[in-house]
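Here the structure is laid out as C-alpha cells; the discussion comes afterwards.
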Amino acid sequence: MFPCPMSRLAARCASLVLAIAAACAASAQSPYPQKPIRLIVPFAAGGSTDLVARVIAEPMAKALGQPVVVDNRAGAGGMVGTEAISLAEPDGYTLGMATGSTMAANPAFFTRAAKANQQLRPLVKLVNVPAVISVHPSMQVRDFTGFVAELKRRPGAYNYPTPGAGGLGDLTVGMMNEKLGVSLVPVPYRGMGPALVDALAGTQLILGDQLPSVLQHLRSGKLLPIAIGGDKRSPELPQVPTFAELGYPDLSDILDTWFGLVVPAKTPPAVVEKIRTAALKAVQEPAVQARMRELGASIAIADEPAFVQMIGSQLQRNRALVQRLGLKVE
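What follows is the structure, given as C-alpha cells:
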C-alpha cells in the first residue's frame, strides 16, 4: 500500500506546527534582553532630562548587556513622549524618563496626560534635581530683592519660558505671581532646551530651569542665579539662597524636582526587576555619581511603593494648586 497524500500533508503540517511551537517556546525562554533598548526622553535634547538620561544610559547598557539608546520625543510639555512610552509594547524594550512635570503636573491639567499615565508603571526614582531661577545679565538685577522689585516695577513686562502649555511651568509661574505679587507671563516652548538658547541670547531675560541644564552658564556668568528650589543650598551654588530661606517654602517645594524611570504597565515582572536592578547598579557607579554632582543633581532613590506614593501626593497638591490659581484645565 502507498501512504495517502492527505496523510503526508497532515504529517507535514503537524511537524510545522510543532517546530513553530518549539521556536516560540525557545524565544519565550530566551533571557532578556536580546536587542537594544529604547530610553524615551519626553523633552528636547540639551535639557536636564536629556542630560541625566544620557548619564545613566551607558552604565545601564553595561549592566543589561545591550545598548540603551536615548530617543528624544519632545512636544506638548512632555505629553508626546510620555504617550509614546505608554503605547509601546510592554516587552522591556521601551523605557521612559519620568519627571515631576510628566507624572505629577501634566495630569493635573490634561485628561490626555492622566490617561497616558494610567498605562505606565513607575519603577524607581533615581535623582533629585533642583530648579533655579536665573536672569540674563542685561536685566540689571543681581539678587532676589532686586528681582522682585523689578518685576513689580514693570508688571506684565517679563516672560517666563515653560516647557509647554500647562504643566509644572505654568504652576511655577502661577505660584510666583501669587506669592511674590508679580505678573510674569508664561511663554510655552518645545522643552527647556530651546528656551535656554533664547535665555543665553537675551531674547528671554528670565529662566527657571533645572540645574543640570544651566549650571555651566551660571558659572560662566552668562546667566545670573537669583534663588533655587529644594530644602538646602546646592553644593555647586553655595552662595545662592533657597526660596525657603527667603520665606517662600512652597516655591522651594515646587522647584525641587526629580527624575525616575517608567515602563508600559503590562511589562512582565521579571523584566521589570532586571531593568530596575540595572538602573540601581548604574547610579551606584562612582563615575555616575561624580557626573551627577557636576550637573547639580543628587542620587535620591525611592523604591516603587515610595515612588508611586510620592507621585500621588504631588499630583494631589498640583490639582489643588490648579484650582486655587484658576489655571486652565483641558
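In the numbering used here, the protein residues as written are 1 to 330. Where a beta carbon is used, it is the ideal one built from N, C-alpha and C, also for glycine. Since the model is a prediction, treat every value here as computed from it, not as a measurement.
Same chain, Cβ closer than 6 Å to residue i, neighbours up to 5 away in sequence not counted
i, result
"E178", "none"
"A116", "T82, E83, S86"
"A264", "A quick correction: the sequence has Pro, not Ala, at residue 264. A88, P90, listed in sequence order."
"D337", "With the chain covering only 1 through 330, there is no way to say anything about residue 337."
Candidates the options: closest to residue i by CA position
i, options, result
"G166", "L180, G77, M97", "G77"
"I299", "F110, V124, N128", "N128"
"M60", "L95, R73, E89", "L95"
"S101", "V124, Y160, Q210", "Q210"
"A131", "A287, Q323, I254", "I254"
"K328", "A74, P107, D71", "P107"
"W258", "K125, L280, T242", "K125"
"V141", "V80, A227, L295, V69", "A227"
"P225", "L207, A244, V55", "L207"
"S138", "G202, L251, L184, R190", "G202"
"A297", "R233, Y189, Q323", "R233"
"R317", "M175, P42, F144", "M175"
"M192", "L184, Q204, G181, A320", "Q204"
"T277", "K62, R54, L321", "K62"
"P42", "R153, G156, G326, R190", "R190"
"S220", "I56, V80, H136", "H136"
Neighbour-count burial assignment, residue i, 16 or more Cβ in a 10 Å radius
i, result
"G92", "buried"
"E337", "No statement about residue 337 is possible, as the shown extent of the chain runs from 1 to 330 and does not include it."
"G370", "For residue 370 there is no data in the structure shown, the boundaries of the chain being 1 and 330."
"R73", "buried"
"A290", "exposed"
"V349", "Missing from the structure shown is residue 349; the chain here goes from 1 to 330 and no further."
"A113", "buried"
"P212", "buried"
7 Å CB neighbourhood of residue i in its chain, flanking five on each side removed
i, result
"Q66", "P33, K35, P36, I37"
"P186", "Y160, T162, G169, D170, V173"
"F307", "P122, V124, K125, G260"
"S134", "L207, V214, L218, L223, L224, P225, I226"
"A105", "G167, L168, L171, N318"
"V262", "I85, G96, A98, L120, R121, P122, L123"
Neighbourhood of residue i by C-beta distance below 8 Å, restricted to the same chain and skipping five residues each side
i, result
"G229", "P130, A131, V132, T242, F243, L251, S252, D253, I254, L255, D256, T257"
"L331", "Here the chain covers residues 1 to 330 and nothing more, so residue 331 does not appear."
Alpha helix (DSSP H) runs wholly inside the segment 293–327, at least 4 long, in chain order: 304–325
Start-end ranges of the alpha helix (DSSP H) lying completely within the segment 181–248, minimum 4 residues: 192–201, 211–220
Runs of beta strand (DSSP E) lying entirely within the segment 18–92, each at least 3 residues, in chain order: 37–41, 68–72
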